[in-house]
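There are 2 protein chains.
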Amino acid sequence: MSKLFLFLKQTSGFATKGILRNNCKMSKSAVIILAEGAEEMEFTIAADVLRRAGINVTVAGLNGNEPVKCSRNVVIVPDKSLDQAVEEKYDVVVLPGGLGGSNAMCESKAVGELLRAQETSGGIIAAICAAPTVLAKHGIATGKTLTSYPAMKAQLVDNYTYVEDKNVVQDGNLITSRGPGTAFEFALKLSELLVSKEKAQEVAKGMLLTHN
Amino acid sequence: MSKLFLFLKQTSGFATKGILRNNCKMSKSAVIILAEGAEEMEFTIAADVLRRAGINVTVAGLNGNEPVKCSRNVVIVPDKSLDQAVEEKYDVVVLPGGLGGSNAMCESKAVGELLRAQETSGGIIAAICAAPTVLAKHGIATGKTLTSYPAMKAQLVDNYTYVEDKNVVQDGNLITSRGPGTAFEFALKLSELLVSKEKAQEVAKGMLLTHN
Ligand SMILES: [Cu+]
Numbered sequence: 620m621s622k623l624f625l626f627l628k629q630t631s632g633f634a635t636k637g638i639l640r641n642n643c644k645m646s647k648s649a650v651i652i653l654a655e656g657a658e659e660m661e662f663t664i665a666a667d668v669l670r671r672a673g674i675n676v677t678v679a680g681l682n683g684n685e686p687v688k689c690s691r692n693v694v695i696v697p698d699k700s701l702d703q704a705v706e707e708k709y710d711v712v713v714l715p716g717g718l719g720g721s722n723a724m725c726e727s728k729a730v731g732e733l734l735r736a737q738e739t740s741g742g743i744i745a746a747i748c749a750a751p752t753v754l755a756k757h758g759i760a761t762g763k764t765l766t767s768y769p770a771m772k773a774q775l776v777d778n779y780t781y782v783e784d785k786n787v788v789q790d791g792n793l794i795t796s797r798g799p800g801t802a803f804e805f806a807l808k809l810s811e812l813l814v815s816k817e818k819a820q821e822v823a824k825g826m827l828l829t830h831n
Numbered sequence: 620m621s622k623l624f625l626f627l628k629q630t631s632g633f634a635t636k637g638i639l640r641n642n643c644k645m646s647k648s649a650v651i652i653l654a655e656g657a658e659e660m661e662f663t664i665a666a667d668v669l670r671r672a673g674i675n676v677t678v679a680g681l682n683g684n685e686p687v688k689c690s691r692n693v694v695i696v697p698d699k700s701l702d703q704a705v706e707e708k709y710d711v712v713v714l715p716g717g718l719g720g721s722n723a724m725c726e727s728k729a730v731g732e733l734l735r736a737q738e739t740s741g742g743i744i745a746a747i748c749a750a751p752t753v754l755a756k757h758g759i760a761t762g763k764t765l766t767s768y769p770a771m772k773a774q775l776v777d778n779y780t781y782v783e784d785k786n787v788v789q790d791g792n793l794i795t796s797r798g799p800g801t802a803f804e805f806a807l808k809l810s811e812l813l814v815s816k817e818k819a820q821e822v823a824k825g826m827l828l829t830h831n
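Sequence order for the protein chains is A and B.
Positions 620 to 831 (my numbering) are the ones given, in order, by the first sequence.
Positions 620 to 831 (my numbering) are the ones given, in order, by the second sequence.
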């Protein structure tokens, strides 16, 4: 039995967690909300890239754990329902775009509660394409700087500082991006924040992309 | 009842199909084979982009119509089984990458038969990432020029002219590409070939990409 393990056994549970977290030994966690009408490329790129980076990803079905029909009829099975998923805490809550999916998340009380809890605890919130409108609807990150799919700008300019010349925008714990064509950069930025720049670059290279 | 409809009713079934096909009124069709261990981004980008281009896409599960676990544990439900899907003809047969998925397609007699029939009829065959090895295994398009994920080069150089400085390679009816980071270009190229350059450019723009 290693000395480190013995040392950890001797510390309290709380201290153990603290030590592991500070040394980045515990893998980071993400929950991605999957709703009917989600943009399947934005969803899949986020899930796949974060898993390539070693992040523990939970795919949470907005309305349960049944298969979800996405915006272009790709059918994806969630890992669990959002109701089950919210029993744990996550380093990042990811909202994929797609008009139907975003509208469903706008109407969901559970999504509003999850986002408020994430904001209060200082966790990362990430939204791409149409999904920044979900933040607006639930009063999250008001006043911060963000971007979105161009067509959603009008719904966001009143409550946020809107940026349109960047593919991924970070304002503290808020990460936003613009559409399918910026989804790799969005997921790589999250990988950088949760793991490291080196890891994001390694993952990018494996996909034949670059990450600066 | 429109004059066009009356006219069509008066022609024979065969002639009707010919007229519609020549005028590009019938939408083009694609079958994408989905096997355990497929790269979910390469699969999803192909399905989504081709559907955005108005192409009729069938997702065919290699081993039936049950949910398929992809390479990074995203679970996708096929539209039908490959056995059912091969009862129809398609303008393009698309093979996504992912090592597990490609190996499964290499071992599949049904995939070999579908590819040989597609080659014989002059239809388009498209493969990305690890999937060009499926062509090699089944003796398809031997001698043609292609590309693949860099790690698969050694398995392809003996039977093909291998290109590594292009993201998408066309040699007649064979279209190949390199990995997740080239999947949008791959799908846009197929959209261009099946529909038109203008349509591919329109689809690219909607995703915040460009297609030249
Ligand atoms: Cu691959």
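We put the beta carbon where it would ideally sit given N, CA and C, even for glycine.
Everything numeric in this text was worked out from a predicted model, so none of it was measured.
Query: So A/Gln774 is in the alpha helix (DSSP H); what residue range does that whole segment cover?; Result: It is not in any alpha helix (DSSP H) - A/Gln774 carries neither H nor E in the DSSP assignment.
Query: Straight-line CA distance for B/Lys699 to A/Ile674?; Result: 32 Å
Query: Determine contact between the region 665 to 679 of chain B and the region 799 to 810 of chain B, defined as no fewer than three beta-carbon pairs at a distance below 8 Å.; Result: yes
Query: Using a Cβ cut-off of 7 Å (strictly closer), state whether B/Leu827 contacts chain A.; Result: yes
Query: So that I know if they touch, is there some Cβ in chain A lying closer than 7 Å to that of B/Gly798?; Result: yes
Query: Quick one: using the 10 Å Cβ neighbour count with 16 as the cut-off for buried, is A/Met771 buried or exposed?; Result: buried
Query: Counting only Cβ pairs nearer than 9 Å, list the residues of chain D close to B/Asp710.; Result: No chain D appears in the structure shown, which is made up of the protein chains A and B.
Query: Mind checking if A/Asp784 is an interface residue toward chain B, Cβ cutoff 7 Å exclusive?; Result: no
Query: Are B/Pro769 and B/Glu661 closer than 7 Å when you measure CB to CB?; Result: no
Query: For A/Glu659, return the contacting residues in chain B, with the cut-off set at a CB-CB distance below 7 Å.; Result: Thr663 and Asp667
Query: Look up A/Met620 in the DSSP assignment and say whether it is helix, strand or coil.; Result: Low confidence applies to A/Met620: its pLDDT is 37, below 50, so where it sits in the model is not reliable, and the reading given next is rough at best. Three-state DSSP puts A/Met620 in coil, outside helix and strand.
Query: Under DSSP, the beta strand (DSSP E) around B/Gly680 begins and ends at which residues?; Result: Asn675 to Gly680
Query: Under 7 Å between the Cβ atoms of B/Arg717 and B/Glu658?; Result: It is worth fixing the name first, because residue 717 of chain B is Gly in this sequence and not Arg. Going by C-beta atoms, B/Gly717 is nearer than 7 Å to B/Glu658.
Query: By a C-beta neighbour count over all protein chains shown, 10 Å radius and 16 as the cutoff for buried, is B/Thr795 buried or exposed?; Result: buried
Query: Which term fits B/Thr766, buried or exposed, when burial requires 16 or more other beta carbons within 10 angstroms of its beta carbon?; Result: buried
Query: For A/Leu827, which of helix, strand or coil comes out of DSSP?; Result: coil
Query: Closest to A/Tyr709 by C-alpha separation, out of A/Ala819, A/Ser721 and A/Leu813, would be which residue?; Result: A/Leu813
Query: Excluding five sequence neighbours on each side, which residues of the same chain lie with their C-beta closer than 7 Å to the C-beta of A/Lys756?; Result: Cys725
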